[in-house]
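There are 4 protein chains.
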Amino acid sequence: MNNIDLKKLNHDIERFVEDRDWDQFHSLKNLTMALSVECSELVEIFQWLSEKQSNEVKNNPELLSKVQDEVADIFLYLMRIVSKTNIDIETVVRSKMLKNAEKYPIERSRGIAKKYNEL
Amino acid sequence: MNNIDLKKLNHDIERFVEDRDWDQFHSLKNLTMALSVECSELVEIFQWLSEKQSNEVKNNPELLSKVQDEVADIFLYLMRIVSKTNIDIETVVRSKMLKNAEKYPIERSRGIAKKYNEL
Amino acid sequence: MNNIDLKKLNHDIERFVEDRDWDQFHSLKNLTMALSVECSELVEIFQWLSEKQSNEVKNNPELLSKVQDEVADIFLYLMRIVSKTNIDIETVVRSKMLKNAEKYPIERSRGIAKKYNEL
Amino acid sequence: MNNIDLKKLNHDIERFVEDRDWDQFHSLKNLTMALSVECSELVEIFQWLSEKQSNEVKNNPELLSKVQDEVADIFLYLMRIVSKTNIDIETVVRSKMLKNAEKYPIERSRGIAKKYNEL
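Chains as they are written, first to last, in our numbering: chain A, 73 to 191; chain B, 73 to 191; chain C, 73 to 191; chain D, 73 to 191.
Right, here's the structure in full:
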């Protein structure tokens, strides 16, 4: 996993939006809808594939390229939401990981894919 | 927008998954489903709010905290997908921004929220 | 709202699937993914529209036609899921309406769009 | 597959909404968001299950009951959208089936889960 210069990236995204005067459409409600639509475009790639086939996507240049495009779209809208809410992404992710570690203690969740309230 | 140490974060996420032996559930197909479910939990927060109300979420600590949790969950699953596909996130996002700039030339898309093939 | 002959419709859908030997792809997991993808195609139509504009879709033949197509796709996949699980749709919908009436008593939920556990 | 009295059901749904004065929240934009959220709650049930396990849900009363509840919620919001757009559901579904039959001719799509434009 390579690092990413979020500060510079976000600056360029905001420039892109400003150039097109699109901020008027970017309410949090709308951005969230757009984010969920992009996620579904990723789901569409995998919907008829077996789990095994889905894992082999990285050996299929054509499919991988589609996955990359959708992942990029998801990332772009997510950054818009992060920027609009002034969220510090590292802080909230670290905080959520701590919550998850508490909800899913190793000894009780090991090898089990159940929701914490069903463990 | 603050930067984030993706390399270290990803290392810790992988450790979390390994500790729980959850990698067996993390096919790309399943991760994509989980990602879309987390997105919808973000959508749920905004579904009955007006666009204006959605933008005021950052002044409502209780709602903002929910948004932060969902954004974190989305980010976490997205990082899993990025890691599993060996995607270089900065490269694919930059590449998608170039495609978007071509699909949505400033002069034709300014102030218009239409899909590129309807412009 | 006109009635619909679900029995006959389902018979014809099953014939369509059988003719194409597609039942092998129609696990409940996959059908659910496909259903969520079709829902998002409906969301995509409305994502940049205001609420007011969304309500005027029925006066826009081109957009209405898209909405009709997506609603049909959603209905088709939903019928597949209903058929695969032997759900009696009227029974489960009636039963859910009773639960909703309990969760959202008129006096406490009137004019309020909050989740029952926040009322 | 049993039939369903849509006309009467829709009448009762509209009464439920009217009693709670909820029509003010039911723009097509919002209803579509709510529909997609309910779909994701169905997806959540299946996200970590194998395809085979997903098909066995009908033998698991607890999971089946959850599936029934989510299917009912999806149906309810879909009926709201159908009602708001004055769609004749049988007509649009039949029309979409004809389009699908053209897009996916038996001889070219038999046993193949590819999108029509990739066949």
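Quick reminder that beta carbons are idealized off the backbone N, C-alpha and C, glycines included. Owing to the predicted nature of the structure, the values given are computational and were not obtained by experimental measurement.
In terms of beta-carbon proximity, Ala144/C stays away from the interface with chain A, with every pair separated by 8 Å or more. Minimum Cα-Cα distance from Glu174/A among the listed residues Ile153/B, Phe118/B and Arg92/B corresponds to Arg92/B.
Counting C-beta pairs with one atom in each stretch, the region 115-123 of chain B and the region 129-149 of chain A have fewer than three that are closer than 8 Å, which means they do not touch.
Along the region 113-137 of chain A, going in chain order, the ones with a CB nearer than 8 Å to a CB of chain C are Glu113, Val115, Glu116, Phe118, Gln119 and Trp120. For Asn127/D, the uninterrupted alpha helix (DSSP H) run begins and ends at Glu123 to Asn127, by DSSP. The beta carbons of Lys168/A and Asp145/B sit closer together than 8 Å. Counting C-beta pairs closer than 8 Å gives three or more between the region 147-162 of chain A and the region 134-144 of chain B, which meets the contact rule.
The DSSP-derived three-state label of Ile153/C is helix.
Secondary structure in the region 74-143 of chain D: the alpha helix (DSSP H) runs of 4 residues or longer, each lying completely within the stretch, are 78-91, 100-118 and 123-127 in chain order. In the assembly as shown, Ile85/C is a buried residue. Its beta-carbon has 16 or more other beta-carbons within 10 Å. Between Ile76/A and Glu162/B, the C-beta gap is smaller than 8 Å, which places the two residues in contact. Contact between the region 105-113 of chain A and the region 104-119 of chain C is present, with at least three C-beta pairs closer than 8 Å.
The Cβ atoms of Met105/C and Met105/B lie closer than 8 Å to each other.
Separation of the CB atoms of Phe88/A and Leu100/B is rounded to 29 Å, and the pair is thereby denied contact status at 8 Å. Annotated three-state conformation of Arg182/C is coil, per DSSP.
Contact check for Leu170/D and Ser181/D: beta-carbon distance about 15 Å, past the 8 Å limit, so the pair fails to qualify. For Asn102/B, the chain D residues whose C-beta falls within less than 8 Å of its own C-beta are Gln119 and Trp120, listed in chain order. Between the C-alpha atoms of Arg166/C and Glu90/B there is a straight-line separation of about 44 Å. For Glu162/D, the enclosing alpha helix (DSSP H) begins and ends at Ile161 to Lys175.
Taking all protein chains in view, the Cβ of Tyr176/B is crowded by 16 or more other Cβ atoms within 10 Å, so the residue is classified as buried. For the region 147-176 of chain A, the beta-carbon criterion of a distance under 7 Å to any beta-carbon of chain D is satisfied by none of its residues.
In this structure, the straight-line span from the alpha carbon of Lys187/B to that of Leu81/A is close to 23 Å. Note on geometry: alpha-carbon atoms of Ile184/C and Phe97/D lie some 9 Å from one another. Our two residues, Ile159/B and Ile159/A, have alpha carbons roughly 24 Å apart in a direct line. Taking C-beta separations shorter than 7 Å and ignoring five residues to either side along the sequence, Val164/B has no partners in its chain. Secondary structure of Leu191/B (DSSP, three-state): coil. The alpha-carbon separation between Glu116/D and Leu107/A amounts to approximately 18 Å.
When only Cα atoms are considered, Leu135/B and Thr157/A end up about 11 Å apart. No Cβ of chain C is located within less than 8 Å of the beta carbon of Ser99/B. Judged by their CB atoms, Leu103/C and Tyr149/C are nearer to each other than the 8 Å cut-off.
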